[in-house]
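11 is the number of the first residue of the sequence shown in our numbering; add one for each residue after it.
Cβ atoms here follow ideal geometry from the backbone N, Cα and C, with glycine treated the same way.
In this text the structure is predicted, and so the values were computed from the model without any measurement.
Here is the structure we will look at, set down as structure tokens.
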Amino acid sequence: MDVRSPAAMTSTSWREEMSSDNVKGLVLALSSSFFIGASFIVKKKGLKKAGASGIRAVGSTKYQKQDRALLIANSLVLADLRGVDTHGINRLAGYVNRIKCGVLAPNPPLNFVMKTPVVAHLDAKDTFGFVAGCASIDKGIEIAKQYGFGVVGVKNSHHYGMASTYVLRAIASGYAALAFTNASRSMPAWGSKEPLLGTSPFTVGVPGGVQGDFVLDMTPSVAARGKIRKAARRGESIPEGYALDEHGQPTTDPEAALRGVVLPMGGPKGSGLAMMMDIFGGLLTGAAFAGGVNDQFTNLKEPQKLGHWFMVFKPDVFLDSYEELGTRMDTLCDAVRSSEKAAGVDRIYIPGERSTLTEAQRRAEGIPFTQGEVDALHGLAESCGSHLRLD
């Protein structure tokens with residue numbers, strides 16, 4: 011099947027070409043022999059290859075020598091590898107649906123505008139947040155190599171998946187980074203019951219020494235909505251204190267929680283962090299803000315129009331050497347790990363450490379999926395006219 015790059019099409023023609031045949035190609039590619047036996051353990055290599063092939067089928071191809079489909083697949087699979095199943099390959103059906111509805115552009119040309127020598131601005135043109143986010147971190151690294159730090163703001167973007175993806179990308183190049191984003195309304199400001207703020211993640215990454223890297227990826231809410239969606243997908247309840255239903259009552263029903271609001275972490279502290287993410291990610295970048303980001307699940311008529319903000323910097327700029335950075339990070343991590351444990355605690359973890367351990371295990375053993383998640387892929391296949399079964 012020949013799928014032309016939407017970058018060469020008009021804004022309407024690429025939407026018209028996202029036919030059911032294209033999406034069927036996606037499902038077939040995703041469903042090709044990467045579930046192993048009845049346990050549904052997925053191997054990383056096969057999942058990445060299938061995911062990339064499927065994304066290409068709906069129009070995200072290469073642009074300026076970058077394989078965007080592979081980049082998106084890598085980002086989704088990295089989330090699954092690190093145990094962030096809420097932001098992994100199961101999200102792909104939602105992205106496909108938004109492309110079909112014409113509110114997610116699969117492959118537009120992107121160009122940075124330099125506002126100062128160290129500040130860049132990107133109009134993401136309603137494409138994947140993965141593409142905009144990775145391009146922005148790479149731009150920040152490029153600037154930081156010359157000036158010591160770089161700042162990049164992004165507008166008109168889309169949900170960018172697991173937020174630590176971007177600081178991990180900076181760490182891999184030897185840089186520290188901050189990544190902020192805003193999100194659609196799902197959480198009330200402290201003292202309110204109306205959903206206005208997003209569960210916008212706050213992410214920081216600093217390369218470490220032998221003790222590992224520092225990767226803080228946290229939401230300003232008690233729990234990310236992705237966790238609630240995962241519970242709904244798997245037919246599980248959620249803990250008390252996560253959310254209120256649409257009537258303002260506490261609930262352990264994930265479906266009721268999704269119709270209601272999630273609660274801010276630490277009351278006014280979580281509310282303040284969410285406002286900070288909206289300021290940096292949306293207000294300052296020219297993106298939607300103040301409740302104006304469109305919901306990626308319920309609004310299939312308009313692009314999300316959300317924003318991101320990144321800072322990349324040389325972590326040893328105040329030190330004598332990069333080696334000194336590693337030594338000092340190890341000293342801090344050793345101090346934290348060796349501090350006296352509270353009752354019932356077996357091990358003290360550094361932020362990001364548990365995800366790193368999960369990643370090592372899943373790279374060796376594969377990524378687990380539930381029967382319900384497999385059934386969802388079956389449903390996606392059937393909706394596109396395919397009778398392919400995975401079991």
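For G276, which option in A199, A352, F320 has the closest C-alpha, if you only look at C-alpha atoms?
Checked all of A199, A352, F320; the closest Cα to G276 is A199.
What does a CB cutoff of less than 6 Å around F290 pick up in its chain, not counting 5 residues either side in sequence?
Around F290: F190, W319.
Going straight from the alpha carbon of L226 to that of D385, what length do you get?
The alpha-carbon atoms of L226 and D385 are separated by roughly 33 Å.
How should R78 be labelled, buried or exposed, when 16 other C-beta atoms within 10 angstroms of its C-beta is the threshold for buried?
It counts as buried.
Quick one, which of V94, G93, G98 has its alpha-carbon nearest A83's?
Among V94, G93, G98, the Cα nearest to that of A83 is on G98.
So, helix, strand or coil for K165, using DSSP?
Here K165 sits in strand by DSSP.
Going by alpha carbons, who is nearest to M287 out of L335, P217, L316, S348?
Nearest C-alpha to M287: L316.
When you compare the CB positions of S194 and V303, do they come within less than 8 Å of one another, or not?
For S194 and V303, yes; Cβs fall inside 8 Å.
Along the chain, where does the alpha helix (DSSP H) containing L293 start, and where does it finish?
Note, L293: premise wrong, no alpha helix (DSSP H); not H, not E.
Taking the straight line between their C-alpha atoms, what separation do you get for F323 and G258?
Answer to the nearest angstrom: the Cα atoms are 43 Å apart.
If you follow the beta strand (DSSP E) that K125 is in, where does it begin and where does it stop?
122 to 126 is the extent of the beta strand (DSSP E) around K125.
Nearest to K237 by alpha carbon, out of G171, A134, G222, N107?
It is G171 whose Cα lies nearest to the Cα of K237.
Using a Cβ-Cβ cutoff of less than 6 Å, which residues in the same chain neighbour A134 once the five nearest sequence positions on both sides are dropped?
A142, V164, N166, S167, listed in sequence order.
Using a Cβ-Cβ distance under 8 Å, would G150 count as near chain C?
The question asks about chain C, but that chain is absent: this structure has only one protein chain.
Output yes or no for whether 8 Å exceeds the beta carbon distance between A266 and G208.
Taking 8 Å as the Cβ cut-off, A266 and G208 do not qualify as a contacting pair.
According to DSSP, simplified to helix, strand and coil, what is F140?
Three-state result, F140: helix.
Report buried or exposed for D344, applying the criterion of at least 16 other Cβ atoms within 10 angstroms of its Cβ.
With fewer than 16 Cβ atoms within 10 Å of its Cβ, D344 is classed as exposed.
Can you tell me where the alpha helix (DSSP H) with D90 in it begins and where it stops?
D90 -> alpha helix (DSSP H) spans 78 to 91.
In whole angstroms, what is the alpha-carbon distance linking L268 and D255?
Rounded to the nearest angstrom, the two C-alpha atoms are 8 Å apart.
Would T261 and P249 qualify as a contact pair, given that the criterion is a beta-carbon distance under 8 Å?
No, the Cβ-Cβ distance between T261 and P249 is not below 8 Å.
For A298, does the three-state DSSP call read helix, strand or coil?
Here A298 sits in coil by DSSP.
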